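Protein chains in written order, with this note's numbering: chain S, 59 to 347; chain C, 787 to 1058. Just so it is clear, CB atoms sit at the ideal spot from N, CA and C, and this is done for glycine as well. Owing to the predicted nature of the structure, the values given are computational and were not obtained by experimental measurement. Inspection log for the structure reproduced underneath, given as structure tokens.
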């Protein structure tokens, strides 16, 4: 909004207008203005960044020094040649299969859990009082907020070392994520078919099974596939705390400084992640065609 | 009027259910999925003791002070990591963007620019496909325990993610303005600053904010391999079976994630 110059402009404005090359409403705005939200935001951002770097007292010397470069070089050189003996490769391939199985089973359980929790977490019709909507959403948020790795570390105490803890961890975290997505999908579904059944006196379970579920099923499947893709990546690293799969093998051999074996495991891990990326990319393109 | 008792799709439903159960079997074998292990008396006792020790929460002054410090450190690690990631991502994404190619204005891109763009893209993909936890494991070996390893791990992984997505965002949408500028003799950087940036700024900023939120979550996880912050404290308390501390740390972590979630949602709404 620029004010149009009027004859009754205050003398001050007119004086500035005469002094400056451009009239004041054409000058660029001042760099900082107390009423400018973007200015405050930028200032806060700068403060946050500077405070972060200052307070962390990062050890740049250790990283940028010649010494660190040399130790990094030695570290990478130790990776070669990767251990390709058939026995070890078999072991790594088995661990990769275990990782895949963990992610698949974890996602399947998570889908069941998500579906079970999504029903109380959504308002399925206008008459639905949905008493449990708030508490269930809180529960879903809590499940979702704790990352898989933390769940795995917690579950190790009761499930012991091994892939079961990892599977359960994936199931709990993904259950929270999927439950929320499912609940939103169910609330956004057109209410026509459900209403038609409800006016006929059909019970709630059958309304859900024959009206709500068939409508949202394609969406649920696509959410599930998407989370499965994420979970394959997550399952590969869960083992670092001892929850099975490729990660457990990795942390074991890295702990023993067997770098040749570590290199093989890392290569298989990258190959798996790359395959999943390519597959999901081409699948999505094929679906969107 | 009574509803038909028979399900018309009964046979196919049963078939799919049985097929799923058959497929589930090898998965359960591979993951050693034996839920009853959880109910064995010994495990049940350990679990019950651990869960019971969650209450009362620990809130003495010393612990609270440590908690505040570590929470700030977690946020600082994420912020510093994302800042370094930006330093990596911005130049690489400018190099990778096809819209900013001069030779592509007249038909096909020349060979060497195309090779360079392809190489940059491959670098970004490799950077982001190695999980940050693996980077952190490597850097802990090189620079020792502490936040430096975590910051570097976040910087590399997120640099790859941000760079790839920035390039994709810049290539999406209308490219007319940039092409017109370059056809009329402006440089590539000028075309970026005056044509691509204004039309994509909101999207770029909102993706960066979203990634910062993700970085907070992953900086907690990085603590588990010794990169400092809340995660490392959580790991220590868990190893000592100190349930009260674990519960307090988890609550603080959930609150932190919720706060970051709110803040980033609000910022993204303000930016849109």
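- Using a 10 angstroms sphere on the CB of residue 978 of chain C, the tally of other CB atoms reaches 16 or more, which defines it as buried.
- Of the candidates C:942, C:935 and C:794, the residue whose Cα lies closest to the Cα of residue 915 of chain C is C:942.
- Annotation: residue 889 of chain C is outside any alpha helix (DSSP H) and is labelled neither H nor E by DSSP.
- The beta-carbon of residue 946 of chain C is placed no less than 8 Å from the nearest beta-carbon of chain S.
- From the beta-carbon of residue 1022 of chain C, no residue of chain S is found nearer than 7 Å; the closest lies around 11 Å away.
- The C-beta distance from residue 965 of chain C to residue 891 of chain C rounds to 6 Å, short enough to fall under 8 Å.
- A distance below 7 Å between beta-carbons, with the five flanking residues on each side excluded, links residue 292 of chain S to the following residues of its chain, in chain order: 206 and 228.
- When secondary structure is reduced to three states using DSSP, residue 315 of chain S falls in the coil class, being assigned neither helix nor strand.
- A contact between stretches requires three or more CB pairs, one per stretch, nearer than 8 Å, and the segment 306-321 of chain S fails this requirement with the segment 179-197 of chain S.
- Taking CB atoms only, residue 1036 of chain C has a neighbour in chain S less than 8 Å away.
- By the neighbour-count criterion, in which 16 or more other beta carbons inside 10 Å mark a residue as buried, residue 898 of chain C falls on the exposed side.
- Just so you know, the alpha carbons of residue 953 of chain C and residue 328 of chain S end up roughly 23 Å apart.
- A straight line joining the alpha-carbon of residue 143 of chain S with that of residue 305 of chain S spans about 20 Å.
- When Cβ-Cβ separations below 8 Å define contact, residue 857 of chain C makes no contact with chain S.
- Here residue 1021 of chain C is buried, its C-beta having at least 16 other C-beta atoms within 10 Å.
- Around the CB of residue 257 of chain S, fewer than 16 other CB atoms lie within 10 Å, so the residue is classed as exposed.
- The C-beta of residue 195 of chain S comes no closer than 8 Å to any C-beta of chain C.
- The alpha carbon of residue 956 of chain C has as its nearest neighbour, out of C:1002, C:883 and C:792, the alpha carbon of C:883.
- Look at the segment 927-961 of chain C: the residues with a C-beta under 8 Å from a C-beta of chain S are 927, 928, 929, 930, 932, 933, 934, 937 and 938.
- Under the three-state reduction of DSSP, residue 115 of chain S is assigned to coil, being neither helix nor strand.
- Counting only the Cα atoms, residue 199 of chain S lies some 32 Å from residue 255 of chain S.
- Secondary structure in the segment 183-260 of chain S: the alpha helix (DSSP H) runs of 4 residues or longer, each lying completely within the stretch, are 191-203, 206-217, 221-245 and 250-257 in chain order.
- The C-alpha of residue 982 of chain C is placed about 18 Å away from the C-alpha of residue 872 of chain C.
- With its beta carbon at least 8 Å from every one in chain S, residue 798 of chain C lies outside the interface.
- For residue 174 of chain S, the enclosing alpha helix (DSSP H) starts and ends at 144-176.
- Neighbours of residue 218 of chain S in chain C, taken as residues whose beta carbon is under 9 Å from its own, are 823 and 829 in chain order.
- Between the C-alpha atoms of residue 906 of chain C and residue 939 of chain C there is a straight-line separation of about 19 Å.
- It is roughly 19 Å from the alpha-carbon of residue 172 of chain S to the alpha-carbon of residue 183 of chain S.
- If you draw a straight line from the Cα of residue 85 of chain S to the Cα of residue 97 of chain S, it is about 18 Å long.
- Two segments are said to touch when three or more pairs of C-beta atoms, one from each, lie closer than 8 Å; by this definition the segment 230-247 of chain S does not touch the segment 117-130 of chain S.
- Between residue 860 of chain C and residue 1016 of chain C, the C-beta gap is smaller than 8 Å, which places the two residues in contact.
- For residue 912 of chain C, the closest of C:931, C:865, C:948 and C:935 by C-alpha to C-alpha distance is C:948.
- What residue 215 of chain S touches in chain C, judged by beta-carbon distance under 9 Å, is 829, 832, 833, 836, 1024 and 1027, going in chain order.
- Counted as a single uninterrupted DSSP element, the alpha helix (DSSP H) harbouring residue 985 of chain C occupies residues 983-1008.
- Taking a 10 Å sphere around the C-beta of residue 826 of chain C, we find fewer than 16 other C-beta atoms and assign the residue as exposed.
- A check of alpha carbon separations from residue 855 of chain C across C:880, C:810, C:1019 and C:995 identifies C:1019 as the nearest.
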